[in-house]
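Residue numbers (full-length UniProt numbering): 1 to 332.
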């Protein structure tokens, strides 16, 4: 934990949590502050600020959040149970352990064809007997045929399928996007136009909600536009004439190229961008091949057919490197 070194005007140590906030000038002379991570304003009270950083802030980085979660556990007091009620004491210890334990953040991607085998794998990661799996078909323009395919893929699985449209009206949808998406166990995003997907998500605030979902441990997934969206950047066919670069949510570091075997021009274009430095190194996935990320690390390399592969593309010693990552988990 940080040491309380800086002194306030009154001579008392200044709480280090103020390093994460800025003082806001208020005409009514209320003591307000703004979070440096998300710009949320609130009263300048350390307890309130601590609650914000550990539970509500959508911009705070992982290490900072965990630092203040640990501070919460250090300052939490165990109440003395009546007589020798060890069960009560164990219950309190368990509660504190749950607060301290960081939530595992999971993303499953595929280069193309996020069919029932991938949905089943996503469902298994929720650790729920019958998980609520929500389909977000924004990139497909909420197309009926895409939605019908999702329901068909879920028909043989022990899941509760939901669909959240992005083209909505207040007269027909009476729940906010956050109320729906944050109540799910998993969220799967469709393929389609990544550029339009990103623009609509930002306009509707869905990008922020998806980050909240990820931070809470809701499993995220998708193929094509539904895999590109989680990275910093990638290759897209979402503009006229030529393939181009699209900037995305940045939950996962680096770049991504889907349809690596299905669209030959993707491979050469991706090689050119990575070699020239126009795009960061990253992961390329064939159709029917994918990756399971836990937090920021590759946990499994997935494949639904023997010749579907995953590669890491980078520059090494001045030359383009295309490293095949061995499949660790065959799904069907």
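Here a beta-carbon is modelled for each residue, glycine too, at the ideal position from N, C-alpha and C.
For the beta strand (DSSP E) assignment, the uninterrupted runs of no fewer than 3 residues enclosed by the segment 187 to 235 are, from N- to C-terminal side, 219 to 223.
Within 10 angstroms of the beta-carbon of residue 168 lie fewer than 16 other beta-carbons, which makes it exposed. Annotated three-state conformation of residue 162 is strand, per DSSP. The beta carbon of residue 216 is closer than 8 Å to those of 103 and 182 in its chain, skipping five residues each way along the sequence. Residue pairing from DSSP places residue 256 in a beta bridge opposite 234 and 283. Assigned with DSSP and collapsed to three states, residue 320 falls in strand. Taking a C-beta distance under 8 Å as the contact criterion, residue 198 and residue 246 qualify as a contact pair. Assigned with DSSP and collapsed to three states, residue 329 falls in strand. In the three-state DSSP reduction, residue 132 falls in the strand class (E or B).
Per DSSP, residue 42 is one residue of the beta strand (DSSP E) stretching across 41 to 43. Between residue 163 and residue 185, the C-beta gap is not smaller than 8 Å, which leaves the two residues out of contact.
Here residue 278 carries a coil assignment [DSSP, helix/strand/coil]. In the assembly as shown, residue 279 is a buried residue. Its beta-carbon has 16 or more other beta-carbons within 10 Å. Take the alpha-carbon of residue 196 and the one of residue 60: they are about 26 Å apart. Straight-line spacing of the CA atoms in residue 122 and residue 32 works out to 42 Å.
When only Cα atoms are considered, residue 323 and residue 313 end up about 6 Å apart. A check of alpha carbon separations from residue 236 across 194, 290, 40 and 171 identifies 194 as the nearest.
If you look at residue 247, you'll find it in the beta strand (DSSP E) that goes 244 to 247.
Within the same chain, Cβ atoms closer than 6 Å to the Cβ of residue 308 are found at 286, 288 and 289, the five residues on either side in sequence being excluded. According to DSSP, residue pairing for residue 303 in a beta bridge involves 289 and 330. In the DSSP assignment, residue 34 falls within the beta strand (DSSP E) that extends over 32 to 35. If you compare the alpha carbons of 132, 304 and 283 with that of residue 296, the shortest gap goes to 283.
Note that the C-beta distance between residue 142 and residue 116 is not below 8 Å. A direct Cα-Cα distance of roughly 11 Å separates residue 318 from residue 277. The Cβ neighbour count for residue 126, taken over all protein chains shown within 10 Å, is at least 16; the residue is labelled buried. Beta-carbon to beta-carbon, residue 41 and residue 34 are separated by about 5 Å, close enough to satisfy the 8 Å threshold.
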